[in-house]
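Numbering (my numbering), first residue to last: 19 to 115. Since the structure comes first, as structure tokens, the remarks are kept for the end.
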């Protein structure tokens, strides 16, 4: 498997790191914008291992970065309920690898 450059450099310098698959769920960047996402996760018993936000995106959306126990099932659940998932391009993430 291909190891990203940043991971190789960290490993070579004695750092321990973990790469995790996460979902980026878009919510309106406004008061109460997170409510629908949280309610959907709670009602469906989604095991959220951690969550943090990226906000201030030019399209008026905040993105909740979620690590969940079953990412494919949660991806299906969220998109079925109209929650947009973002990819690296949407989030402005670029790699040199």
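We put the CB at the ideal spot given by N, CA and C, even for glycine. As the structure is a computational prediction, the values presented were derived from the model and not from experiment.
Query                                                                                                                                                                              : Result
Just mark residue 81 as buried or exposed, buried being the case when its beta carbon has 16 or more other beta carbons within 10 Å.                                               : buried
Name the residue from 45, 35 and 85 whose alpha carbon lies nearest to the alpha carbon of residue 78.                                                                             : 45
Are the Cβ atoms of residue 101 and residue 43 separated by less than 7 Å?                                                                                                         : yes
Helix, strand or coil for residue 92, going by three-state DSSP, please let me know.                                                                                               : helix
Between the Cα of residue 108 and the Cα atoms of 49, 33, 95 and 72, which residue gives the shortest distance?                                                                    : 72
Give me the residue from 35, 64, 28 and 29 with the minimum Cα distance to residue 94.                                                                                             : 64
Give me, in chain order, the residues of the same chain whose beta-carbon lies closer than 6 Å to that of residue 52; leave out the 5 immediate sequence neighbours on both sides. : 45
So, for residue 86: in the same chain, excluding its five sequence neighbours on each side, which residues have a beta-carbon less than 7 Å away from its beta-carbon?             : 41, 64, 65, 66, 67 and 92
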